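Chemist: The structure follows.
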Amino acid sequence: MTRDPSTVHAPDALAGWMRMAMAEADAAAASGDVPVGAVLIDAAGAVLATGRNRCESNRDPTAHAELEALRAAAANLGGWRLRDTTMVVTLEPCMMCAGALLHARVAQVVYGCIDDKAGALDSLFVLGRDPRLNHRFAVHRGVLEASCAEQLRRFFAERRAGKR
449 MTRDPSTVHA PDALAGWMRM AMAEADAAAA SGDVPVGAVL IDAAGAVLAT GRNRCESNRD
509 PTAHAELEAL RAAAANLGGW RLRDTTMVVT LEPCMMCAGA LLHARVAQVV YGCIDDKAGA
569 LDSLFVLGRD PRLNHRFAVH RGVLEASCAE QLRRFFAERR AGKR
């Protein structure tokens, strides 16, 4: 449970999955949503599901990238316990998403850049590693961090300039 994901999945593989998540984030931005993307993989490295923010397009405050990926994986696998999986996401998960990751029994979370305003794994809280909880998961941060942060900076700069 406390293993470093980089010992389970090679750094090149993590970067590849993060690029997939960034492609999902680009698709979210194209539809007017905040560019956050997620990829859920199994222990062997197979992609189980992807997700992107769809809060604006779905008019749903719970349509975060992580939840979209969890819902799709649970539907595809026929169960909500997603043990031995890794969530790769471009932005540090919020409290809602961290809670869902805990309940889904995800083994580890890999994220690109921190969210110092709402992050619940390192920035504001450490939900994935809190010993008081009945499940914990490993956290690995900083995979393609600069690229993930730039994706968000560019989106919000365009929004402020009236281009989105």
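The sequence shown runs 449 to 612 under the working numbering.
Yeah, the Cβ is synthetic: ideal placement off N, Cα and C, and Gly gets one too.
These figures come from a predicted structure and were not determined experimentally.
Measure the CB-CB distance between ARG502 and ASP481 and report whether it falls below 7 Å.
Modeler: Here the question's residue 502 lines up with position 54 in the sequence shown. Here the question's residue 481 lines up with position 33 in the sequence shown. Yes, Cβ-Cβ distance for ARG502 and ASP481 is below 7 Å.
Chemist: Please name the residue, chosen from ASN582, ALA478 and VAL537, that lies closest to GLU606 on a Cα-to-Cα basis.
Modeler: Sequence index remark: in the sequence shown, residue 606 carries index 158 (1-based). When each option's Cα is compared against that of GLU606, the closest is ALA478.
Chemist: Might you give, ordered along the chain, the residues of its own chain that have their beta carbon closer than 6 Å to the beta carbon of MET543, omitting 5 neighbours on each side?
Modeler: One-based indexing of the sequence shown puts residue 543 at position 95. Cβ within range, chain order: ALA568.
Chemist: Compute the Euclidean distance between the alpha carbons of THR498 and ALA609, then round it to the nearest angstrom.
Modeler: Translated into positions along the sequence shown, residue 498 becomes position 50. Translated into positions along the sequence shown, residue 609 becomes position 161. Each residue's alpha carbon lies about 30 Å from the other.
Chemist: On the three-state DSSP scale, how would you describe CYS542?
Modeler: Counting from 1 along the sequence shown, the entry for residue 542 is found at position 94. Three-state result, CYS542: coil.
Chemist: Let me know if ARG500 comes out buried or exposed under the rule of 16 or more other beta-carbons within 10 Å of its beta-carbon.
Modeler: For the purposes of this step, residue 500 is identified with residue 52 of the sequence shown, where counting begins at 1. That one is buried.
Chemist: Check ARG500 in the structure and name its three-state DSSP category.
Modeler: Along the sequence shown, one-based indexing puts residue 500 at 52. The answer is strand: DSSP assigns ARG500 an E or B state.
Chemist: Which residues bound the beta strand (DSSP E) around ARG589?
Modeler: Taking the first residue of the sequence shown as position 1, residue 589 is located at position 141. Segment 586-589, the beta strand (DSSP E) holding ARG589.
Chemist: Alpha carbon to alpha carbon, how far is LEU581 from SER505? Give it in angstroms, no decimals.
Modeler: Taking the sequence shown and counting its residues from 1, one reaches residue 505 at position 57. Taking the sequence shown and counting its residues from 1, one reaches residue 581 at position 133. Distance between the alpha carbons of SER505 and LEU581: 34 Å.
Chemist: As a quick exercise: from PHE585, ALA520 and CYS545, pick the residue whose alpha carbon is nearest that of ASP532.
Modeler: The count along the sequence shown starts at 1 and reaches residue 532 at position 84. That would be PHE585, whose Cα lies nearest to the Cα of ASP532.
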